[in-house]
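Chemist:
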Amino acid sequence: MKKKAISLFLALTLVLSLTACSNSDNGTAEEPVATKTETQNSEEAEEEGLKEIIISEQWTIDSVDPVSQGKVMNQKCRVTELLVETDERMNLIPGLASSWENTDENTWIFKIQEGIQFHDGTALNAEAVKWSLDNAFEISPSLVKRSNIESVEATGDYEITIKTTQPNAELPAYLHDASLGIVAASTYDADGNVTTPIGTGPFRFESFDEAKGELSVVKNEEYWGTLPTYNRLVIRMITDESVRAMSVESGEVDIAVDVPFSEMEALDSKDDLRVECYDTNRIYYGYFNAASMFSDKNVRQAICYAIDRDTISKEVLYGCGTPASGPFNSSIAWSNPEIEGYKYNPDKALELLKEVGWEDTDGDGILDKDGKSFSFDILTFSSRPGLPVMAQAMQAMLSEIGIQVEVKVMDNNAINEEMEKSDTWGINLTTAAAGLVPSSVYFLNSFSSANTEVYGYSNLELDEMLAACAAEYDQDKRYEMSKEIQAYIVDEAEEIFVCNYGVNYVFHENITNFKFNVEARDWMLNTDIEID
Amino acid sequence: MEEEQTRELWRIERLQVFFKTRGNDIMAVNEFSLSIYQGERLCLLGESGCGKSVFGMALLKLLPENAEVLGKAYYKGMETVGMSEKTFARLRGTEIAVIPQGAGSSLDPTMRCGKQVEECLRLHEKENSQVCRQKVLSLLKRLELPRLPGIARDYPFELSGGMKQRILVAAGIVCHPQFLLVDEPTKGLDWGCRDKVITLLKKLVEDEETSVLLITHDFNVAKSLADRVVVMYAGEIVEYGMREDVLERPVHPYSKGLLAALPQNGFQAIEGFSPPLDQIPKGCRFHPRCPHATGRCAQEHPNLTDLGEGREVRCFYAEG
Amino acid sequence: MKCRKFSVQRNLLLWIGGAILLVIIFVLVFGPSLCTHDPLKVDYTLKLRAPCREYPFGTDGMGRSVAARVVYGLRTSMKIAIVVMLISCVIGVCVGVLSGYVGGSVDLILMRVMEVVLAFPDTILALAILGTLGGGMKNQIIALALVRWTKYAKMARDETMRLKKEEYMEAAVAMGNGRFRIVLRYVLPGIIGQILVLATMSIGPIILSGATLSFLGLGVQLPNPELGLLINEGRDFIRSAGHISLFPGLVTALTTLGFNLFGEGLNDYFDPRLKEKAVSD
Amino acid sequence: MIKYIGKRVLSAAGVLLVVSMLTFFVMQMTPGDTAYVMLTHTFFGTGDLITQEDLDIATEMYDLDRPLTVQYGEWMLGALKGDLGTSYIYKKPVMDLLKLKLPYTCILGFLAFFLGLLLAVPLGILTAVYRNRFLDQAIRIGSVLASSVPGFWLGLILIMFFSVKLKWLPVSGMNEGLKSIVLPCVTLMLGMMPVMIRVTRSSVLDVMGQDYMLFAKAKGQSLFQALLHHGVRNLLPPVITMASLQMGNILGGSVVIETVFMWPGIGNLLYNSIMAKDTNMLQGCVLTIALGYILSMICADILNAALNPKTYRGGGRMA
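Residue numbers (the numbering used here), protein chains in the order written: chain R, 18 to 549; chain G, 3 to 322; chain L, 619 to 899; chain H, 16 to 334.
1) Taking the alpha-carbon positions, what's the residue 102 (chain H) to residue 279 (chain H) distance?
2) Beta carbons nearer than 7 Å to chain G: which residues of the segment 220 to 236 of chain H have them?
3) In chain order, what residues of the same chain lie with their CB nearer than 6 Å to the CB of residue 174 (chain H), ignoring the 5 residues before and after it?
4) Provide the residue span of the beta strand (DSSP E) that contains residue 75 (chain G), from first to last.
5) Let's see if you can read the secondary structure: which residues bound the beta strand (DSSP E) around residue 117 (chain G)?
6) If we call anything under 9 Å between Cβ atoms a contact, is residue 105 (chain R) one with residue 348 (chain R)?
7) Have a look at residue 541 (chain R) and residue 176 (chain H) and give me their C-alpha separation to the nearest angstrom.
8) Mind checking if residue 305 (chain H) is an interface residue toward chain L, Cβ cutoff 9 Å exclusive?
9) Check whether the Cβ of residue 275 (chain R) lies closer than 9 Å to any Cβ atom in chain H.
10) Does the CB of residue 165 (chain H) have a neighbour CB from chain G at under 9 Å?
11) Of all the options H:144, H:28, H:27 and H:111, which has the alpha carbon lying nearest to the alpha carbon of residue 222 (chain H)?
12) Cβ of residue 547 (chain R) within 9 Å of Cβ of residue 288 (chain R)?
13) Counting only Cβ-Cβ distances shorter than 7 Å, please list the residues of the segment 135 to 158 of chain R near chain H, keeping chain order.
14) Excluding the 5 residues flanking residue 98 (chain R) on each side, which residues of the same chain have their C-beta closer than 8 Å to its C-beta?
15) With 16 other CB atoms within 10 Å as the buried threshold, where does residue 901 (chain L) fall?
16) Give the single residue among G:31, G:44, G:318 and G:40 whose Cα lies nearest to the Cα of residue 248 (chain G).
17) Answer with yes or no whether the minimum CB distance from residue 115 (chain G) to chain H is below 9 Å.
18) Could you tell me how far apart the beta carbons of residue 394 (chain R) and residue 443 (chain R) are, in whole angstroms, since I believe they sit closer than 8 Å?
19) Check distances from the C-beta atoms of the segment 845 to 856 of chain L to those of chain H and list, in chain order, the residues that come in under 7 Å.
20) Short of 8 Å Cβ to Cβ, which residues in the segment 231 to 265 of chain R face chain H?
21) Could you name each continuous alpha helix (DSSP H) segment of 4 residues or more that falls completely within the segment 4 to 61 of chain G, going from the start of the chain to the end?
22) Determine, for residue 171 (chain H), whether the minimum Cβ-Cβ distance to residues of chain C falls below 9 Å.
23) Kindly indicate which residue of L:886, L:861 and L:731 has the alpha-carbon position closest to the one of residue 904 (chain L).
24) Could one say the Cβ of residue 278 (chain H) lies closer than 9 Å to chain L's Cβ atoms, at least one of them?
25) Considering only residues of the same chain and omitting the five flanking positions on each side of residue 39 (chain R), which have a CB-CB separation below 6 Å?
26) Could you work out which residue in H:136, H:313, H:319 and H:247 is closest to residue 22 (chain H) when comparing CA atoms only?
27) Quick one: Cα of residue 290 (chain R) to Cα of residue 96 (chain R), how far?
28) For residue 104 (chain G), which residues in chain H fall below 7 Å Cβ to Cβ?
29) For residue 737 (chain L), name the three-state secondary structure that DSSP assigns.
30) Which class does residue 525 (chain R) belong to by DSSP, given the choice of helix, strand or coil?
31) Going straight from the alpha carbon of residue 32 (chain R) to that of residue 272 (chain R), what length do you get?
32) To the nearest angstrom, report how far apart residue 131 (chain R) and residue 213 (chain R) are at their CA atoms.
33) Residue 322 (chain H) CB to nearest chain L CB: under 9 Å?
34) Compare the C-alpha of residue 33 (chain G) against each of G:310, G:303, G:311 and G:309 and name the closest.
35) So residue 248 (chain H) contacts chain G; which residues on that side make the cut at Cβ distance below 7 Å?
36) Thinking C-alpha only, which one of R:529, R:528 and R:520 is nearest residue 537 (chain R)?
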């Protein structure tokens, strides 16, 4: 009798698990947010011949809060729009705000476009913009601090006035932040949780499948600007890059972003796929530990000369990211074209090092100076695939001129602690979004003494130049001053700019006319993509 | 001869059993030739380790994997050593049955005792469970088991040694086999149970006229149950004959030694120990312990010589 | 009298396992001197070269010989695996024998401790250790050993409990041996066989968990090679240059196979149940 | 029996408490201060510069500077009341996310577990019955090979072959229900089967050596009949104990499988919450996995007790 009970129990649980799993495919569990289940939608799309794009990317979509997930809602889904937009060279152009001017150093007046509606039909007016900005500032106070905005007032039906605590010449640039996407009050329910993000963008939010981390948006028929050419966009999260490459190759998704560099060539050779590679505004760069042997400018410049950026770009990144001479990608308006940076010249590097006493006296193949051999660690992290391989390449190049390097790859959070603890770290190789805010001086501020003191480098002259540039209200003059600062920073070589951060898109043959926008932090699709 | 043929249940011709172990091969049974007649009760007597159980298991093809059996054995004219396991299995339980040795470990600890007896019935006679249960209960009553019918639902760990032994006896004979192998029925039982088991076995066997191959080292069991007795030493038959001849007037020195070692005969033990089966002495295997051993015994290995009226002995000097 | 000699076939696994182990030991000892290429030398002109005579296992994304890296990688992996095995074996057996032999409340507490370690996902433990102490071989050893001792403890406890019931243990106690002597002279010899089996069979999984750790981004330091790391490094090249992760994977599989088969062969050899019942009376 | 289960549940609660304490303090040891990690996961990309001001604001907003014991105390009180707190990256109560993602892990886990058992136990029995013959050695070598391949590597190979080349199965995710569960399930199964085969084999060998099996053969039962009638109940206990351990591994260990196949289960959630130092979410995941582990162990004990008549026959009534 006992034996029957056991086998019965086993069989029962098996049947149960099979039925549980089979009924799970005809509709995922009811999420509070999803309006229609995803599978029914794709059938509808095919019936009416609607054009749909499925894109797979690396980054997890954790929630649909338009402020903390501004990058997703504004750049990727185009559900929300900003007051100030940018053109392909990141110059500021009117967005929801038709024009803006500053009456005096601390007050700015923005005129709001008229006749624009939110997705829920309510009109976009000064009142709505004020509510949206205040809401964003409350959720993420650091946005306010950065642009030192004091208050936002609706001084007319379609006009708002922004007061700043200190003069901020580039306030409009600071309003071009994905987290400041203008949303309607109906986005949030009574106790502040996001129900459905309601913006003014070309696409309307449709569903977010929490379990699968999949987001879908549909065309906003009443969009005030030019209507997009496709009806539906589905964003699917696939963390592993090799699996992402396979998802586009198997035809499951139409576009895949950030596939492994080594697979780009293999995918491009396939006739139904096309790989396009672009430089984003992000940059691979390392900063020196000025408290160690890198306090001397010659030594820093020597390291810059000893790194062959062309090889790194071609061999390590497989061309997905061109060599960088300065902090800004050449297609950005205020990047300084005259900087030629440090061309690969190992002999000059050795010369510079010899000038300050570093040479190989004991013949062990490693440079040394008064008894100490030239060796340091490069710290980096692995969540950006290119970094560890780039660190290894730099290690190899530096060992050729007699510098001993150890590469330490660790969890990205551990790097700060490692820098405090260890005294052998020389370079912290990382990436940064130079175009987080489309201002010519915002990214350069990160090299001001306030931020670099922690690793022993402070340069008052640079600080003055930065302050002057930030206070300059005239855009052209400000660009000129920014270019000078860029040249100065490159010459100081406290930071070593290696390559621009490349992004690769893998398209199916039926998708054409993709226009890359340098402002995209991860990726961005233009609304007039062709799908046949 | 033909009439002889039907009465002869088993005819075993030069049966040999080898065990393959890491070192070399061990011969546990050497040149065993014997016939067992219908309704006869034959007893295999010998010290532990002389290969009597191995012979029993070999006969019923129950030896472990690494054993190898040579020679011939005929059951009712059918050659069994070479027979395929499938065909021989049809005989098991119905015609040929076993009462195994270790009472404790031969019962499945997770199955009720009644069911373990019933199992054999249901396997062969295919009657419905009600009839089977009745048959089993009546058999258990005949074996004078206490707390009937409750005991049938008990598990083996809830029974005493004697009771478990009787369950095994029940399981053995429930299908009325023609040939029953009884392996050490009284081993490990206390004195009281031993007599009870012997009398029960005696009564059952007489009622059923089954022929029995009894394997034991216990003289009383042999005396009360057996018609003929075979004495084994170090894997060989040393003497066999009718019970009175062998047990009262043994001829072979080893049999005499055994008789003398009994408590009622003064407890004179035979010196030395029976040789382990991988160090068999040359010549007569008993000669190192035999008081009358001569040079010839140490050299030549004696054959079984016939002494008339069915008595045989394996010794040069024990003719008369 | 035909009888089959004790057949090698019966313990084929021990032979195959032994043969593979010999090859591995050979590679461990003579490998570095044999392979001509430096496992760390980067040379982009030789990038992604398919296996050929000069580079038996081909080259990886940075032009380094995969064969050289596998040989050095095998060394580091074996070092890690052996040390982790020893540490977890010692901890596990002590805890197991203690809780098995003493029993009662000690056993209860130790069992609960084991359940806590078993229930605690080892990914967090690995991250915490590697995070605080930083990467590097020493810390990976600690991270792995802290989780693996439970297998030994459970096995040692069960075996000790089983042995405690055996008669010869009661006899030993009756003879007045001290507790400690009993454990040393009777319990340990009894379970050595099973421990050896478990030890040999855990080498493979330890190397593999190195691969999983580096897959999750918590692995050993670059660039000095370790088998798990090599498998993970080849992951991106699976289609265009599969050989980069294929050969480290094969060598890991072979090593695991060698140790496991050797372990299974030992298991048959030591296992009391399988010992042929030479003679029963 | 009831007292027995009571004792087990009590010890399980103790273990869960210790596990949650351990999780909390181990998480504090992991690298990077919480504010920095939180910001990198929400507003900034990994690597972007985060000024000290931002850190202070985040610390003050999520009041991270409270002493550890206070944080743990608060979490503990909430947990007892059933509110596991909210996850700061997903902006949702932890309980909702667990309810959403647990079914997927359970479906995949149970399917892989039972199919794995359905294959491993018969194979184990076969290797024991045909000991040292070709079949036994082939299965054992095969199972060792299967266990010596890292999970993610096997996953990638399977995807490349079945999804990309043959296009039979989807690459990842969960959109085609039954079809998309095949590859993750096979990968998980291959991970757990070798151990189960080996345990079943040694248990069956152990049982085949018993005297009651010999007696069953003497009763005329074939080997498989004997195994069915007497073998099953005696060989199951060690198999069930090992199976419960494997169940634990499947629940806790599928982080890799879920990452490769984008299976929306707890493993994925666990990994993300570790990386983002989202302590509330992490506590929720760890407790769920620990609970799963302990439940499978308790089930194993109950099943084993049910199989062994000694437990409910009161240790035997002598005549």
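Even glycine gets a Cβ: it sits at the ideal position worked out from N, Cα and C.
Modeler: In brief:
1) For the purposes of this step, residue 102 (chain H) is identified with residue 87 of the fourth sequence, where counting begins at 1. For the purposes of this step, residue 279 (chain H) is identified with residue 264 of the fourth sequence, where counting begins at 1. When the Cα atoms are used, residue 102 (chain H) and residue 279 (chain H) turn out to be separated by approximately 17 Å.
2) Within the segment 220 to 236 of chain H, the residues whose Cβ lies closer than 7 Å to some Cβ of chain G are 225, 226, 227, 229, 230, 232, 233, 234, 235 and 236, listed in chain order.
3) Counted from its first residue, the fourth sequence places residue 174 (chain H) at position 159. Leaving aside the five residues that flank residue 174 (chain H) on each side, the residues in its chain whose CB is nearer than 6 Å to its CB run, in chain order, 186.
4) Here residue 75 (chain G) corresponds to residue number 73 of the second sequence, with the count starting at 1. Element bounds for residue 75 (chain G): 69 to 77.
5) Against the second sequence, residue 117 (chain G) aligns to sequence position 115. Here residue 117 (chain G) belongs to no beta strand (DSSP E); instead the alpha helix (DSSP H) covers 115 to 127.
6) As a first step, residue 105 (chain R) is located in the first sequence; it is residue number 88 there, counting from the start. As a first step, residue 348 (chain R) is located in the first sequence; it is residue number 331 there, counting from the start. Yes.
7) Sequence index remark: in the first sequence, residue 541 (chain R) carries index 524 (1-based). Sequence index remark: in the fourth sequence, residue 176 (chain H) carries index 161 (1-based). Computed Cα separation, rounded: 31 Å.
8) As a working mapping, residue 305 (chain H) is identified with position 290 in the fourth sequence. So, interface residue.
9) The residue labelled residue 275 (chain R) in the question sits at position 258 within the first sequence. With 9 Å as the cut-off, residue 275 (chain R) does not count as an interface residue toward chain H.
10) Taking the first residue of the fourth sequence as position 1, residue 165 (chain H) is located at position 150. For residue 165 (chain H), the answer is no, since every Cβ of chain G falls outside 9 Å of its Cβ.
11) Along the fourth sequence, one-based indexing puts residue 222 (chain H) at 207. Selected option, being the one with the closest Cα: H:144.
12) Taking the first residue of the first sequence as 1, we reach residue 547 (chain R) at position 530. Taking the first residue of the first sequence as 1, we reach residue 288 (chain R) at position 271. Taking 9 Å as the Cβ cut-off, residue 547 (chain R) and residue 288 (chain R) do not qualify as a contacting pair.
13) Those would be 157 and 158, in chain order.
14) Translated into the one-based positions of the first sequence, residue 98 (chain R) becomes position 81. Non-local C-beta neighbours of residue 98 (chain R) in its own chain, meaning closer than 8 Å and more than five positions away in sequence, comprise 91, 112, 113, 198, 199, 216, 217 and 218, ordered along the chain.
15) Any answer about residue 901 (chain L) is impossible in this case: the structure gives chain L only from 619 up to 899.
16) Position 246 of the second sequence, counted from the start, is the residue given in the question as residue 248 (chain G). Distances from the alpha-carbon of residue 248 (chain G) to those of G:31, G:44, G:318 and G:40 put G:44 closest.
17) In the second sequence, counting from the first residue as 1, residue 115 (chain G) sits at position 113. No, because no Cβ of chain H sits closer than 9 Å to the Cβ of residue 115 (chain G).
18) Taking the first sequence and counting its residues from 1, one reaches residue 394 (chain R) at position 377. Taking the first sequence and counting its residues from 1, one reaches residue 443 (chain R) at position 426. Taking a contact as a CB-CB distance under 8 Å, the pair residue 394 (chain R) and residue 443 (chain R) counts as one, their CB atoms being some 6 Å apart.
19) For the segment 845 to 856 of chain L, which is checked against every Cβ of chain H, the residues closer than 7 Å are 849, 853 and 856.
20) Within the segment 231 to 265 of chain R, the qualifying residues are 231, 253, 254, 255, 256, 257, 259, 260, 263 and 264.
21) Counting whole runs of 4 or more residues, the segment 4 to 61 of chain G contains the alpha helix (DSSP H) stretches 4 to 9 and 54 to 61.
22) Protein chains in the displayed structure are R, G, L and H, and chain C is not among them.
23) Beyond the ends of chain L as shown, which are 619 and 899, falls residue 904 (chain L); an answer cannot be given.
24) Counted from its first residue, the fourth sequence places residue 278 (chain H) at position 263. Chain L, which has no Cβ nearer than 9 Å to the Cβ of residue 278 (chain H), makes this no.
25) Here residue 39 (chain R) refers to the residue found at position 22 of the first sequence. Bear in mind that the predicted position of residue 39 (chain R) carries a pLDDT of just 35, short of 50, making it unreliable; the figure below should be weighed with that in mind. Taken in chain order, the list of residues that qualify is empty.
26) For the purposes of this step, residue 22 (chain H) is taken as residue 7 along the fourth sequence, with counting starting at 1. Of the residues H:136, H:313, H:319 and H:247, the one whose Cα lies closest to the Cα of residue 22 (chain H) is H:313.
27) Against the first sequence, residue 290 (chain R) aligns to sequence position 273. Against the first sequence, residue 96 (chain R) aligns to sequence position 79. The straight-line gap from Cα to Cα measures roughly 28 Å.
28) Walking along the second sequence from the start, residue 104 (chain G) turns up at place 102. Within 7 Å Cβ-Cβ: 226.
29) In the third sequence, the residue the question calls residue 737 (chain L) occupies position 119. DSSP places residue 737 (chain L) in helix when its eight states are reduced to three.
30) On the first sequence, position 508 is the one that residue 525 (chain R) refers to. The three-state reading of DSSP puts residue 525 (chain R) in strand, counting E and B together.
31) Residue mapping note: residue 32 (chain R) aligns to position 15 of the first sequence, counting from 1. Residue mapping note: residue 272 (chain R) aligns to position 255 of the first sequence, counting from 1. In this predicted model, residue 32 (chain R) has a pLDDT of only 42, less than 50, meaning its place in the structure is not dependable enough to derive any value.
32) Locating residue 131 (chain R) in the first sequence gives position 114, where the first residue counts as 1. Locating residue 213 (chain R) in the first sequence gives position 196, where the first residue counts as 1. Straight-line Cα distance between these residues: approximately 24 Å.
33) Taking the first residue of the fourth sequence as position 1, residue 322 (chain H) is located at position 307. Interface flag for residue 322 (chain H) against chain L is unset, since no Cβ pair is found closer than 9 Å.
34) Your numbering for residue 33 (chain G) matches position 31 in the second sequence. Here the closest residue by C-alpha is G:303.
35) In the fourth sequence, the residue the question calls residue 248 (chain H) occupies position 233. The answer, in chain order, is 112.
36) Taking the first residue of the first sequence as 1, we reach residue 537 (chain R) at position 520. It is R:520.
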